[in-house]
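Undergrad:
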Amino acid sequence: MARDDLAAIYRDYIACLNRRDWPALGQFVHDEVAHNARPLGLAGYRAMLERDVREIPDLQFHIEMLISDPPRIAARLKFDCTPVGIFLGLAVNGKRVSFHENVFYEFRNRKIRQVWSVIDKAAIETQL
1 MARDDLAAIY RDYIACLNRR DWPALGQFVH DEVAHNARPL GLAGYRAMLE
51 RDVREIPDLQ FHIEMLISDP PRIAARLKFD CTPVGIFLGL AVNGKRVSFH
101 ENVFYEFRNR KIRQVWSVID KAAIETQL
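For the sequence shown, position 127 matches number 127 in my numbering, and the numbering has no gaps at all.
1. In or out: proline 57 buried (at least 16 other Cβ within 10 Å) or exposed?
2. Do glycine 41 and aspartate 52 have their C-beta atoms within less than 8 Å of each other?
3. What does the Cβ neighbour count give for proline 39, buried or exposed, with the cut at 16 atoms within 10 Å?
4. As an exercise, report each continuous alpha helix (DSSP H) stretch of at least 4 residues that is fully enclosed by the segment 11–91, in chain order.
5. By a C-beta neighbour count over all protein chains shown, 10 Å radius and 16 as the cutoff for buried, is alanine 8 buried or exposed?
6. Just the C-alpha distance for leucine 59 and cysteine 81, rounded to the nearest angstrom, thanks.
7. Using 8 Å as the threshold, is the C-beta distance between phenylalanine 79 and leucine 17 below it?
8. When burial is assigned at 16 or more other CB atoms within 10 Å of the CB, is valine 115 buried or exposed?
Next comes the structure, spelled out in structure tokens:
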């Protein structure tokens with residue numbers, strides 16, 4: 001798969017997340033997806049995203065940096081949002097916070113098969 005093709009698939013995946021189009025998630029995410037070495041499967045991955053949206057109703061994913069090197073994507077995502085309660089063990093409780101996530105994806109058959117993610121929790125702590 002070409003770099004531009006993989007980057008386009010990833011941008012469509014992010015748009016799917018921002019629309020909360022959960023039924024379409026299977027177009028982008030492999031049935032056997034794993035997140036940070038935890039096998040979740042598509043249903044578990046969807047449940048994780050749905051939980052995130054319940055905890056952060058105004059959650060929107062913004063691509064700040066994107067590197068495509070098939071079959072992998074590296075991205076820096078920016079968030080400016082208002083978690084309603086406890087987030088990452090922190091009592092955010094409706095305060096607006098900004099932070100980044102550095103995430104790597106590995107694709108198989110044009111779908112996300114592996115996700116490795118690190119959220120900048122320290123950035124949130126400094127805002128509380």
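Glycine residues also receive a C-beta, built at the ideal position from the N, C-alpha and C atoms. Just so it is clear, the structure is predicted and the values come from calculations on it, not from any experiment.
TA: Walking through what the data contain:
1. Taking the sequence shown and counting its residues from 1, the one referred to as residue 57 is at position 57. Proline 57 is exposed by the Cβ-count criterion.
2. Numbered from its first residue, the sequence shown carries residue 41 at position 41. Numbered from its first residue, the sequence shown carries residue 52 at position 52. For glycine 41 and aspartate 52, no; Cβs fall outside 8 Å.
3. By one-based count along the sequence shown, residue 39 stands at place 39. When all chains shown are included, proline 39 counts as exposed.
4. 41–55
5. As a position in the sequence shown, residue 8 is number 8, starting the count at 1. By the 10 Å Cβ count, alanine 8 comes out exposed.
6. Residue mapping note: residue 59 aligns to position 59 of the sequence shown, counting from 1. Residue mapping note: residue 81 aligns to position 81 of the sequence shown, counting from 1. When rounded, the distance between both Cα atoms is 6 Å.
7. For this step, residue 79 is matched to residue 79 along the sequence shown. For this step, residue 17 is matched to residue 17 along the sequence shown. Result no, Cβ atoms of phenylalanine 79 and leucine 17 do not sit closer than 8 Å.
8. Residue mapping note: residue 115 aligns to position 115 of the sequence shown, counting from 1. Buried: at least 16 other Cβ atoms inside 10 Å.
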